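The next block holds one structure in the form of structure tokens; read it before the comments.
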Amino acid sequence: MIRPRPVFGLCVITVAGIAALGDETIGAVSSPPPAVSITRNTSLNQNVWPGDFNGDGKTDLIGSDAVIAGNPDVLLVMLGTGTGSFGAPIKSSFAGHVLGVADFNGDGKLDVIASDDLRAKVYIVPGNGNGTLGTAQLVADFGQDVTFAVSSDLDGDGKRDLVVGIDGQTTVEVFPGNGNFTFGTPVALTTNPLPSDAIIADFNGDGRKDLAVTNRFFPHSVAIFLNQGSFTFTAADIGLDRSATDVTAADVNGDGKLDLLVSTAAPEDLGFFTEGYVNVLLGKGDGTFQAPVIYTVPPGPWQIVVGDFTRDGILDVATANRSTIVLDDCTDQFKTWDTVSILPGRGDGTFDAPSSFSLGDQSRILDDRYKESVLSLNTSDLNGDHQTDLIASWGAIVLNVAAATNRAPTVDAGQGQSFNGGNSEVILRAIASDPDNDMLTYSWTASDGRSISPVPQTCVSLTQPGTYTFTVTVDDGHGGTASSSVTFTVKAQVFPTVTVTAPKAGEVVPAGKPYTITFTASSDTPIARIDVFVSVINNNVGTSQTVCSNLPGTATSCTWNSPGPVTDNANVDVQAVDADGDEGFGLSGRFSIQGAGGGGSLPSPWQNGDVGAVGAAGSATFSSGVFTVKGSGADIWGTADEFQYVRSFVNGNATGDFDLTAHVDSVQNVNVWTKAGLMVRGGLDAGSVHASIFVTPGKGVAFQRRTTSGGTSVNTSVLSVTAPVWLRLSVTRVRVDAFYKKNAADPWIRVGAQNYATSYPFGYAGLAVTSHSDGVLATAAFSSVNITPPPPAFTFTPIGTSTTSGFEDFIGHTVTLGARGADIWGASDQFMFANTPRTGDGVLTTEVRSVDNTNAWAKAGVMFRTSTATGSAHVSVFITPGKGVAMQYRGSTGASSFQAAQTIGVTAPAFLRLTRRGNTFTGEWSPDLVNWQTLSIVTIPMPADLLAGLAVTSHNTAATATAVFADPVLR
Numbered sequence: 004m005i006r007p008r009p010v011f012g013l014c015v016i017t018v019a020g021i022a023a024l025g026d027e028t029i030g031a032v033s034s035p036p037p038a039v040s041i042t043r044n045t046s047l048n049q050n051v052w053p054g055d056f057n058g059d060g061k062t063d064l065i066g067s068d069a070v071i072a073g074n075p076d077v078l079l080v081m082l083g084t085g086t087g088s089f090g091a092p093i094k095s096s097f098a099g100h101v102l103g104v105a106d107f108n109g110d111g112k113l114d115v116i117a118s119d120d121l122r123a124k125v126y127i128v129p130g131n132g133n134g135t136l137g138t139a140q141l142v143a144d145f146g147q148d149v150t151f152a153v154s155s156d157l158d159g160d161g162k163r164d165l166v167v168g169i170d171g172q173t174t175v176e177v178f179p180g181n182g183n184f185t186f187g188t189p190v191a192l193t194t195n196p197l198p199s200d201a202i203i204a205d206f207n208g209d210g211r212k213d214l215a216v217t218n219r220f221f222p223h224s225v226a227i228f229l230n231q232g233s234f235t236f237t238a239a240d241i242g243l244d245r246s247a248t249d250v251t252a253a254d255v256n257g258d259g260k261l262d263l264l265v266s267t268a269a270p271e272d273l274g275f276f277t278e279g280y281v282n283v284l285l286g287k288g289d290g291t292f293q294a295p296v297i298y299t300v301p302p303g304p305w306q307i308v309v310g311d312f313t314r315d316g317i318l319d320v321a322t323a324n325r326s327t328i329v330l331d332d333c334t335d336q337f338k339t340w341d342t343v344s345i346l347p348g349r350g351d352g353t354f355d356a357p358s359s360f361s362l363g364d365q366s367r368i369l370d371d372r373y374k375e376s377v378l379s380l381n382t383s384d385l386n387g388d389h390q391t392d393l394i395a396s397w398g399a400i401v402l403n404v405a406a407a408t409n410r411a412p413t414v415d416a417g418q419g420q421s422f423n424g425g426n427s428e429v430i431l432r433a434i435a436s437d438p439d440n441d442m443l444t445y446s447w448t449a450s451d452g453r454s455i456s457p458v459p460q461t462c463v464s465l466t467q468p469g470t471y472t473f474t475v476t477v478d479d480g481h482g483g484t485a486s487s488s489v490t491f492t493v494k495a496q497v498f499p500t501v502t503v504t505a506p507k508a509g510e511v512v513p514a515g516k517p518y519t520i521t522f523t524a525s526s527d528t529p530i531a532r533i534d535v536f537v538s539v540i541n542n543n544v545g546t547s548q549t550v551c552s553n554l555p556g557t558a559t560s561c562t563w564n565s566p567g568p569v570t571d572n573a574n575v576d577v578q579a580v581d582a583d584g585d586e587g588f589g590l591s592g593r594f595s596i597q598g599a600g601g602g603g604s605l606p607s608p609w610q611n612g613d614v615g616a617v618g619a620a621g622s623a624t625f626s627s628g629v630f631t632v633k634g635s636g637a638d639i640w641g642t643a644d645e646f647q648y649v650r651s652f653v654n655g656n657a658t659g660d661f662d663l664t665a666h667v668d669s670v671q672n673v674n675v676w677t678k679a680g681l682m683v684r685g686g687l688d689a690g691s692v693h694a695s696i697f698v699t700p701g702k703g704v705a706f707q708r709r710t711t712s713g714g715t716s717v718n719t720s721v722l723s724v725t726a727p728v729w730l731r732l733s734v735t736r737v738r739v740d741a742f743y744k745k746n747a748a749d750p751w752i753r754v755g756a757q758n759y760a761t762s763y764p765f766g767y768a769g770l771a772v773t774s775h776s777d778g779v780l781a782t783a784a785f786s787s788v789n790i791t792p793p794p795p796a797f798t799f800t801p802i803g804t805s806t807t808s809g810f811e812d813f814i815g816h817t818v819t820l821g822a823r824g825a826d827i828w829g830a831s832d833q834f835m836f837a838n839t840p841r842t843g844d845g846v847l848t849t850e851v852r853s854v855d856n857t858n859a860w861a862k863a864g865v866m867f868r869t870s871t872a873t874g875s876a877h878v879s880v881f882i883t884p885g886k887g888v889a890m891q892y893r894g895s896t897g898a899s900s901f902q903a904a905q906t907i908g909v910t911a912p913a914f915l916r917l918t919r920r921g922n923t924f925t926g927e928w929s930p931d932l933v934n935w936q937t938l939s940i941v942t943i944p945m946p947a948d949l950l951a952g953l954a955v956t957s958h959n960t961a962a963t964a965t966a967v968f969a970d971p972v973l974r
């Protein structure tokens, strides 16, 4: 039983009034279905051409060597054995690609038409008659890609001439041959844009060779040049409806007149094809042709040839197709393989439906050799059976074999998997094979009903826990099918819960003395590993140290041998990994590492301690609204300071602009330069950047500052001012202004101002006292101390089941969020939310320093939200890697999302601000915290109590986006 003829892919169309050809046509005979055997000779690359290069009567092959380590590919010959196999490659010294073969000097030995490796120059490479090649002779340098070269004797002088097509040109060049590898001045024939290929034949029976040229670009056509002798031609265009890729000529209806067969494809501008056709134009014998009859073939027919490929003595048509399906997803974008299609002829100029065969091995799914790369297709008898075989580029040898019973394909969808957590992307990969080399088509079904692209490998996202089964079916087009299934089981993902029990937020840890960090960790599977880290910020620079690593899962404590450095901004981060590989994190909250001169009963958020090598430890107390501060030290001056510091951590970027004010009730007169006053400071080291305003017993009010770490100090004084006195420092981005006044009702008197090289260089704000007599304490009293409070503490909440991985780290006023989620959009959201409760009006400001480019629409920004439900109402301002800054909102729970405004071209770092006034929300962004741009104002009914905070989504369920926020402020 011979396998059935395919019924797919046939579309015979009559054009321009030509009648359809039916069963009544005299002489129409149905051919047997074609059958082939394909071998792939990987020694042959690029264009491959047949010819007898050693004169033994057996077909040899010529192509290019593979490019290795950046070296150009050279021409090589493989001598045929006459059995369909070939000997070892005989390499030449010429680097380039084959365009054709012919005898150009009449010595009976085949020569080679070739381009150089860059395809810009055309050469004749002489054949030596023994499989080797001589020295290449340059024909011309065209400076652009050569698309084809064909040869014949066009002027009847017995010498071969050459016709060359060039990419981007509207002419083809005809070179008169001299019979010795040289050529005369070329004649230019005008064509439509991008001549793609040509055939030389006598179309009008006058004994002269004519020329047909296909054109790929609009207006699509095949140009007919009728030879008038002496290299003159008359020209006519035959219009086609799609991009013309190749042309050949043969008498396919037996009337003694040459017909044209043209391959066309569409579209011409995507870089790959989705349509393919064969156009049959029956010749009238006078150089004109009937309107085309069109047959469908797989997409992208690139070459077309004619021959008896079904062993019935009737001419058939074959095309080599760039039929690779191209799909950009998480796997290789080239999904299927290039093909050869054979349309069996019926002898009357009509053809049966094509049978198509894969040039690539369909079981080697990751091999790109025969994908979207076919270049040439030629014919010859390769094995001496007197049947016409096909030779495609890249060494694909398609032998003509007798028709046989169809054999079914096989397919394997692979091994299933079981893993934790939804929102995972998995690869579907069908390894298929067909013993008849038939081109297989693929179809997938899914247990959850989703649509899947008809390709052998693609990606699917599993967004919910459950069991997912995917079934692939392959079809060979001749009645043979095979199916296979793969199942993935997704378990609900549970992250370890980690709680840091010591130190607690606000605790003071003694510097340099062993301290025990305690914690608990649990999960749905045993904890496998615990690591403990401490993060510290000083001078606006964060550092991290590993305290304990690779602790057993049963551990509940870690000894920190020498806590330090001294800081008011430390944080313990305990990380646990369970047996499933899921990670959980626990944070202590901000605490202090305090040296000598600290302690006491100061209210939160105040801490105190000595800075520098003081001779006597200072102290500070608070009672009835009054800070009593005692400090020793040589001075606050020069390149290093010694003093007692009562401070609050502010990190200027986090607080934004702020005023620090206090009333200095009294200062002890230990020295005329004893100093008591206000200070903003970068860190707790002796040489830190600072700005301070002091009152002294004998030198008045002094505005002193150090603008670089370890630099010298600068002073501006107002004499004759003593305590009691009001002092004020006004901090704005890169500037500090200093003021004083004697009485509360008096206007402020400005002492001076200082600009700084970096934005908000200060990490601390507070009260400073130095005695200016090291080893002796001076006492000062402060009341009505007022400073803008630091940002709120955040709760870190993953929202939406698609947020399957996330981590957060809060170091001072830098918040790092990681999230993997589909989006904050539509009717529900998947993201990580660092949030804090807010009642009534408020202004939320932050700098988004960076956000990973997991997608152009990955989002990081500020948000007011009614709850942590996935469909909660919200108003947000986001910055993205590729879509600028946008204000988006959902007006009610479960409703659709809307975009109020978008500014393209903005990327991180940038500042975002979202203001609530009743039910009115204003979204803004700024490059510098000074120049604010309003995005939009929206009015949405919202309850008084909301969540305010920072949000991150990757907009890519296969990747985690990490965003870094600096200085979030809620006022």
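Heads up: take any position in the sequence shown, counting from 1, add 3, and you land on this note's numbering. For each residue, glycine too, the CB sits at the ideal point set by N, CA and C. What you are looking at is a predicted structure, and each value in this text was computed from that prediction instead of being measured.
Look at the alpha carbon of residue i and the alpha carbon of residue j, and state the distance between them as a whole number of angstroms.
i	j	result
K886	F89	57 Å
G755	N553	54 Å
Q597	G864	35 Å
P946	T819	29 Å
N403	G829	57 Å
I520	G567	14 Å
G109	Y298	41 Å
N3	F107	Coverage of the chain is limited to positions 4 through 974, which leaves residue 3 absent and any answer about it impossible.
D148	G168	9 Å
A913	G99	52 Å
L590	P608	19 Å
R974	P513	33 Å
T42	I400	5 Å
R6	S487	Residue placement at R6 is poorly supported in this model, since its pLDDT is 49, which falls under 50; the coordinates are not used for a value here.
T982	G592	Because residue 982 is not part of the residues shown, which for the chain are 4 to 974, the question remains open.
T910	K862	11 Å
Within the continuous beta strand (DSSP E) that includes residue i, where are the two ends?
i	result
I406	The sequence shown places Ala at residue 406, rather than the Ile named in the question. From DSSP, A406 is part of no beta strand (DSSP E); its letter is neither H nor E.
E428	S427 to R432
N423	Q420 to N423
S900	S900 to T906
V580	T570 to D581
G54	N48 to G54
D388	Neither: D388 is in no beta strand (DSSP E) and is coded neither H nor E.
Write down the C-beta distance between residue i and residue j rounded to the nearest angstrom, noting that I regard them as a contact closer than 8 Å.
i	j	result
D585	N423	6 Å
G686	G766	6 Å
P606	F594	About 16 Å separates the two Cβ atoms, so there is no contact after all.
L780	L681	In fact, because the Cβ distance is near 20 Å, the residues do not count as touching under 8 Å.
T492	S421	4 Å
T759	I696	The sequence given here has Tyr at residue 759, not Thr. Not quite, the Cβ-Cβ distance comes to about 16 Å (not below 8 Å), so this is no contact.
Kindly indicate which residue of the options has the alpha-carbon position closest to the one of residue i.
i	options	result
L243	S870, Q293, G66 and P944	Q293
S691	Q707, N959 and I65	Q707
D289	T559, D213 and S774	D213
S786	A822, V737, G713 and V649	V649
A524	C561, T500 and R532	T500
G85	T62, D660, A269 and A433	T62
Q833	R823, V377, T842 and V698	R823
N131	D119, D164 and I93	I93
N48	M81, V535, D55 and I41	M81
**OP:** List in chain order: all unbroken beta strand (DSSP E) runs of 3+ residues lying wholly within the region 479–520.
**Re:** 484–494, 500–505 and 511–513
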